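Only one structure is covered here, and it is reproduced in the block below.
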Ligand code: GLA
């Protein structure tokens, strides 16, 4: 049975009626440009062909029922009129979000973010989802659920002037304010705007973007899932973000009339000339990563366009080193996969991808070396950490759409 048929059966079983719409939003992998999206820099992700699916049906009352095929048969119900949920878009009472502990906070957050912008849903609906992104892999299952919810709301309630980009913007708003994770725009943007066989070169400062064809000659993009997820992710992520903000504030305070809008606005040369004013060495390393990673991302896209895959791979390697040593968002398991991966002939570049502290690496590997890459790394990793790494050869897929 294909996924859609399975969902149709489950929907009927749980909600006692037929679904009347099916939707999909993909996960993403970022090729380069890590921890630049909240620093006004560039990113270069592509959408995957795995992601999150929804089957939905509008109701006549004010009830929303949520179920997930990844969470057993539990149906979670809420009312649009429950004031504590703020689904009418009212200001959230506490500065901190409602947390990621309950998965329905993601779709609820999107309902809230739409309402905040004036797109209030008139009735409830039944919502069944199913995701095939491996849990905890850092391939943006949450962003895909947010973008998916936005797509469903736009379609069910006829919010025709909500652009595809807005699905990303409202998804990020939901995650920042409602869930409480201070992420940038990259994941939601890739999920909403992905294009088959292309990556997205996005300026996170202006949201201007272009699609770059993923023409890698005979090479493939391979994701390696370390299957580790360290608990630090959201706390350390928010700390990095604050460190970057502090560094920017110090750079501006040191100049009369200092008005650097973001670290992404600085070239490496401009940063180096100013770095000595920063109050400590940690801030220097954090800001250096943000500035240099942005420059690497711009160069990497130029290299790809020029067909220079070796240069692209070298920039990916430099990105990893910077994330490992300067930004300190990697972990021993991932560093091991990267270090061992680089020794395998045919590996053009390899680095951690996503928020960090576990999750996946992304590598560019010559087509005829993919099997060796997979077998060698799987064995070494198992011997060292006792874990089964998983490998996926990437096909860049389409952004969120109705099925
Ligand atoms: C997470 C966030 C993104 C981005 C990456 C790091 O995936 O959700 O916004 O900051 O980490 O590049």
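Numbering (our numbering), first residue to last: 737 to 1139.
The C-beta atom is built at its ideal place from N, Cα and C for all residues, glycine as well.
Please read all numbers here as calculations on a predicted model, not as lab measurements.
1. Nearest to residue 823 by alpha carbon, out of 839, 772, 859?
2. So is residue 1118 buried or exposed if we call it buried at 16+ other beta carbons inside 10 Å?
3. Out of curiosity, what's the CA-to-CA distance linking residue 1082 and residue 1120?
4. Under the criterion of a Cβ to heavy atom distance below 8 Å, does residue 972 qualify as lining the ligand GLA?
5. Quick check on the contact list: which residues have their beta carbon closer than 5 Å to a heavy atom of the ligand GLA?
6. Give the secondary structure of residue 789 by DSSP, where H, G and I count as helix, E and B as strand, and everything else as coil.
7. Which residue from 802, 1088, 837, 853 puts its Cα closest to that of residue 827?
8. Taking the C-alpha atoms as reference points, what is the distance between residue 863 and residue 1035?
9. Determine which residues share a DSSP beta bridge with residue 766 and list them.
10. By Cβ distance below 8 Å, which residues in the same chain neighbour residue 857 in space, the five residues on each side in sequence not counted?
11. Whole angstroms are fine: how far does the CA of residue 1106 sit from the CA of residue 953?
12. Nearest to residue 881 by CA position, among 936, 942, 764, is which residue?
13. Can you list, in chain order, the residues of its chain with a C-beta nearer than 6 Å to that of residue 970? Leave out the 5 residues immediately preceding and following it.
14. For the beta strand (DSSP E) that contains residue 867, what are its first and last residues?
15. CA-CA distance, residue 939 and residue 1098?
16. State yes or no: is the C-beta of residue 1029 within less than 9 Å of the C-beta of residue 808?
17. Have a look at residue 1055 and residue 1065 and give me their C-alpha separation to the nearest angstrom.
18. Taking the C-alpha atoms as reference points, what is the distance between residue 766 and residue 797?
19. Is it a yes or a no for the segment 1031-1049 touching the segment 1010-1017, going by three-plus beta-carbon pairs under 8 Å?
In terms of the structure at hand:
1. 859
2. Residue environment analysis places residue 1118 among the exposed positions, since fewer than 16 neighbouring C-beta atoms fall within 10 angstroms of its C-beta.
3. In this model, residue 1082 and residue 1120 are separated by some 23 Å (Cα to Cα).
4. no
5. Qualifying residues come out as 770, 771, 773, 919, 920, 922, 923, 1090, 1091.
6. Strand, per DSSP.
7. The shortest C-alpha to C-alpha distance from residue 827 to any of 802, 1088, 837, 853 is the one to 853.
8. 43 Å
9. 781
10. The residues are 816, 823, 847, 850, 851, 889, 892, 893.
11. 14 Å
12. 764
13. 917
14. 861-867
15. 21 Å
16. no
17. Looking at the two C-alpha atoms, the distance is approximately 12 Å.
18. 41 Å
19. no
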